[in-house]
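Peer 1: Attaching a single structure in C-alpha cells format; questions to follow.
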C-alpha cells in the first residue's frame, strides 16, 4: 500500500481498494467539500485540461467530495465508488435536495414542463438521481416534477429503494449503446462500466475498473470442461476486459470490436480475442 493509498484507507475505509489514478500526494486528502454532479454526464479526467484523457465518468446526482479547485476544474472523489480525478466546475453544484428517484430507462429527456411537445431542456442517463416533488399528467402521459419546475417521464423513474431483480436484464436493455472508453452511462459505456451500471440498478455498488472487479467481485469459479459450468450472470475476464454471461453459451459486453454493447457467443469471443489478448484470465460469480 502506498502512502496515498494509506491516506485513502484512513479517509474512506469502505473504499480502501479504490484506485487513485496518476501520482497523487497524500496531503490532498484533507477536507473534502460535499458537492453533487449536476450535468447529465461528467467526464473524470487525468489532468485539468479539456484535451486530457477520460478515466471514467460521473452521472447526474452522483455525490462527490471536492478536495482541490483550479480555474474551471475541481479535483473530486466520487463517494459511490471512490474514483478520483478532475471534473469541470460547471458540472458540479451543491447538494440542495435529497434524491428520491433513479432513472431506470436507458436514456430519458428533461422537459421545461409537463408536456413532451416542449423543447427538451436536457437529458438523463440510466442510474441518474433526481428529486421528485410532484406529479402532473398531460394528454394521458404522467410526469414527475422536479424542484426546478422541469419534468421527466414518470415511467422512466423508480423510487430509490427499488432494485432490479436481475442485473443481466438491465445490461440487456443497453444493447446497441455506443462503446465509449471510460463511459458509464446510457449515452456511451465501456465493458466494466456496463457491469457497474447494471449492478447499480440491481442495488449493488461495485468498483469501476475491470481489474478491480476481477480482483474481488463475487467469488472465483472454475467454469468446468468446455465452460459447461457457466450460467447467467457469471463474469468472464480477459486482460483489460469483462463480459457478462446471458446463459451457458452466450455473453453481453461493451466492446471495441462492434463499438457498442452487443451479444456474442463465448467460444467465438475467445477465438476472436485470443490472438490479441490471450484467453480468459478469471471467471467470477457475483
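In this note's numbering, the protein residues as written are 1 to 286.
Heads up, the beta-carbon is just placed ideally off N, CA and C, and yes, glycines get one too.
Once the 5 residues before and after residue 136 are set aside, which same chain residues still bring their CB inside 7 angstroms of it?
Peer 2: If you number the chain shown from 1, residue 136 lands on position 136. Contacts found: 114, 143, 145, 151.
Peer 1: Check residue 285 in the structure and name its three-state DSSP category.
Peer 2: Residue 285 sits at position 285 when you count from the first residue of the chain shown. In the structure shown, residue 285 sits in a strand (DSSP, three-state: E or B).
Peer 1: Would you check if the stretch 34–41 and the stretch 82–97 touch, i.e. whether three or more CB-CB distances between them fall below 8 angstroms?
Peer 2: With a cut-off of 8 angstroms, the stretch 34–41 and the stretch 82–97 count as touching, because enough Cβ pairs lie within range.
Peer 1: Let me make sure I understand the geometry here. Which of 86, 63, 61 has the alpha-carbon closest to that of residue 53?
Peer 2: For the purposes of this step, residue 53 is taken as residue 53 along the chain shown, with counting starting at 1. Looking at the Cα atoms, 86 is the closest of the given residues.
Peer 1: Can you look up residue 83 in the DSSP assignment and give me helix, strand or coil?
Peer 2: Within the chain shown, numbered from 1, the residue matching residue 83 stands at position 83. Residue state, collapsed to three classes: coil.
Peer 1: Where does residue 201 fall in DSSP's three states?
Peer 2: In the chain shown, the residue the question calls residue 201 occupies position 201. Of the three classes helix, strand and coil, the one that applies to residue 201 here is helix, per DSSP.
Peer 1: At a cut of 8 angstroms, does the stretch 265–276 reach the stretch 169–186 through at least three beta carbon pairs?
Peer 2: No, the stretch 265–276 does not touch the stretch 169–186.
Peer 1: Is the separation between the beta-carbon of residue 106 and that of residue 126 shorter than 8 angstroms?
Peer 2: For the purposes of this step, residue 106 is identified with residue 106 of the chain shown, where counting begins at 1. For the purposes of this step, residue 126 is identified with residue 126 of the chain shown, where counting begins at 1. Closer than 8 angstroms, so yes.
Peer 1: Return helix, strand or coil for residue 221, following the three-state DSSP convention.
Peer 2: The residue given as residue 221 occupies position 221 in the chain shown. Reduced to three states, the DSSP call for residue 221 is coil.
Peer 1: Where does the unbroken alpha helix (DSSP H) through residue 210 begin, and where does it stop?
Peer 2: The count along the chain shown starts at 1 and reaches residue 210 at position 210. Unbroken alpha helix (DSSP H) run through residue 210: 210–216.
Peer 1: Considering only the alpha carbon of each residue, which of 203, 230, 243, 224 lies closest to residue 213?
Peer 2: Here residue 213 refers to the residue found at position 213 when the chain shown is read from its first residue. Residue 213 has its Cα closest to that of 243, out of 203, 230, 243, 224.
Peer 1: Rounded to the nearest angstrom, what separates residue 186 and residue 222 at their Cα positions?
Peer 2: Locating residue 186 in the chain shown gives position 186, counting from the first residue. Locating residue 222 in the chain shown gives position 222, counting from the first residue. Computed Cα separation, rounded: 32 angstroms.
Peer 1: Count the C-beta pairs between the stretch 158–167 and the stretch 201–210 that are closer than 8 angstroms, then say yes if the count reaches three, no if not.
Peer 2: Result yes; three or more Cβ-Cβ pairs closer than 8 angstroms.
Peer 1: What would DSSP say about residue 21, mapped onto helix, strand or coil?
Peer 2: Here the question's residue 21 lines up with position 21 in the chain shown. Confidence at residue 21 is low in this model, with a pLDDT of 42, below 50, so the placement of that residue should be treated as unreliable; the coordinate-derived value is given next. Of the three classes helix, strand and coil, the one that applies to residue 21 here is coil, per DSSP.
Peer 1: May I have the straight-line CA-CA distance separating residue 68 from residue 276, to the nearest angstrom?
Peer 2: Locating residue 68 in the chain shown gives position 68, where the first residue counts as 1. Locating residue 276 in the chain shown gives position 276, where the first residue counts as 1. Computed Cα separation, rounded: 40 angstroms.
Peer 1: State the Cα-Cα distance for the pair residue 245 and residue 70, rounded to the nearest angstrom.
Peer 2: Position 245 of the chain shown holds residue 245. Position 70 of the chain shown holds residue 70. Cα to Cα, the separation comes out at about 43 angstroms.
Peer 1: Taking the runs of the alpha helix (DSSP H) that are 4 residues or longer, which of them lie wholly in the stretch 110–163?
Peer 2: You should have found no qualifying run.
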